[in-house]
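Undergrad:
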Amino acid sequence: MDEYNPEFEAVGIDLGTTECCAAVIRKNGVEVVQLDPIVAASHTMPSFVVYDEAHDKCGQIAVNRLRTKSKYTVFDSKRFIGKDFKDIIVDPLWPFNVTEFNDKVQIELADMQIIKSAEEVSGALLKHIKQKVDEFQGKIHDEVVIAIPSTFTPKQTNATITAAKIAGFHTINFIPEPIAAAFAYCTKMEIKNNSKILLFDCGGGTIDVCVAEVINDQLNVLNYNGDSYLGGRDYDTLLFNHFHAVLKHKHNIDVMASSKKYALMEKCKEIKCTLSVEEKYW
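The numbering of the sequence shown is UniProt numbering, which starts it at 1 and goes up by one.
Structural data, given as structure tokens:
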């Protein structure tokens, strides 16, 4: 990379519904930052926050504590950040309550002992990511580019700005997730010149589609759109409902009545990921 500029301190963050990741520009190219030592191999961090101690904890440690500390745990915050209360679809697996107070959405945990906003939860995730990026780069970063769904409203975008400011970022820019996915795909795959491509970005909470063309080795995005109510979490829910019904009708076990539902929820995620790469069917 002859044009590498060490003064260019771009930090890119995918603040996902279920997982987060971050990357920086270095001399040898783009490098993904390790965010969670517990799941080091994946280079991603689960978008979970637990508030059971003096300092909140993010990532896999919150997932691991879910069965015993569920009432202190928040996840799926991207599904209600910046939304009006009437537009939020409540998930029965949420161990927290989403309520409305003074026309604002708030999250109630631990029998109302802890009250947070979606901006504060996302801010906690971004603060953790910023800390890891600063450690990785050996310097403080206050500029960031965050990927957001193509369906985000101005209110949702502004709420994400608030979350980024809580984390300590001062200059905040955004890129639509389908465009980010298109750029990422084209850096890894050899695309024929003068060709058109259709990319599907199926995230944890949304799905985005992007149509682009490559002309003279330049990527030109023609159009993009998405569905803010369809993502990997919805596949998790379908699997969960299936196995919940099987356990209840065949074995008289109601997992919804105990913390075992979170163990089943995690197992359904594993099954989904396995099925996603399985090429055989039966």
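The beta-carbon is built from N, C-alpha and C at its ideal position, and this holds for glycine as well.
If you drop the 5 nearest sequence neighbours on each side, which residues of the same chain put their C-beta closer than 7 Å to that of F80?
TA: Cβ within range, chain order: I88, V98, V105 and A118.
Undergrad: Between which two residues does the alpha helix (DSSP H) harbouring F183 extend?
TA: E177 to K188
Undergrad: Could you tell me if the beta carbon of P154 falls within a distance shorter than 7 Å of some heavy atom in the ligand PLP?
TA: The ligand PLP is absent from the structure shown, which contains no ligand whatsoever.
Undergrad: DSSP state of M45, grouped into three classes?
TA: In the structure shown, M45 sits in a strand (DSSP, three-state: E or B).
Undergrad: Alpha carbons only, please: which of F200, G205, G204 and D217 is nearest the one belonging to V211?
TA: F200
Undergrad: Judging by CA-CA distance, which residue of N223, N252 and K188 is the nearest neighbour of G29?
TA: If we check each option's Cα against that of G29, K188 comes out closest.
Undergrad: Can you give the beta carbon distance from D76 to W94, rounded, assuming they're within the 8 Å contact cut?
TA: 7 Å
Undergrad: So V221 and N193 are supposed to be a Cβ contact under 8 Å. How far apart are they, rounded?
TA: Rounded, the Cβ-Cβ distance is 16 Å, inconsistent with contact.
Undergrad: Compute the Euclidean distance between the alpha carbons of T18 and Q218, then round it to the nearest angstrom.
TA: 32 Å
Undergrad: If you measure between the beta carbons of C58 and L125, is that distance less than 8 Å?
TA: yes
Undergrad: State buried or exposed for A40, treating a residue as buried only when at least 16 other CB atoms are found within 10 Å of its CB.
TA: Burial is judged here by how many other beta carbons sit within 10 angstroms of a residue's own beta carbon; A40 has fewer than 16 and is exposed.
Undergrad: Let me check one thing: in DSSP terms, what residues is F174 bridge-paired to?
TA: I146
Undergrad: What first and last residue would you give for the alpha helix (DSSP H) that runs through N194?
TA: That residue, N194, is in no alpha helix (DSSP H); it is neither H nor E in DSSP.
Undergrad: Can you give me the C-alpha to C-alpha distance between residue 291 and K86, rounded to a whole angstrom?
TA: Residue 291 lies beyond the stretch modelled for the chain, which goes from 1 to 282, so this question has no answer here.
Undergrad: Pull up the DSSP beta-bridge partners for Y224, would you.
TA: C210
Undergrad: Which residues share a DSSP beta bridge with K104?
TA: F101
Undergrad: Using 8 Å as the threshold, is the C-beta distance between K269 and D234 below it?
TA: For K269 and D234, no; Cβs fall outside 8 Å.
Undergrad: Between which residues of its own chain and A10 is the CB-CB distance below 8 Å, once the five residues before and five after are set aside?
TA: The answer, listed in chain order, is V24, I25, E143 and V145.
Undergrad: Indicate the three-state DSSP secondary structure (helix, strand or coil) for F85 in the structure shown.
TA: helix
Undergrad: What residue does the beta strand (DSSP E) around K78 start on, and which one ends it?
TA: Taken as a continuous stretch (DSSP letters only), K78 belongs to no beta strand (DSSP E), as it is neither H nor E.
Undergrad: Helix, strand or coil for K139, going by three-state DSSP, please let me know.
TA: coil
Undergrad: Inspect the beta-carbon positions of G168 and T206 and report whether they are closer than 8 Å.
TA: no
Undergrad: Please report the straight-line C-alpha distance between P149 and S122, rounded to a whole angstrom.
TA: 15 Å
Undergrad: With DSSP as the reference, please indicate the residues paired to A23 in a beta bridge.
TA: G12 and V32
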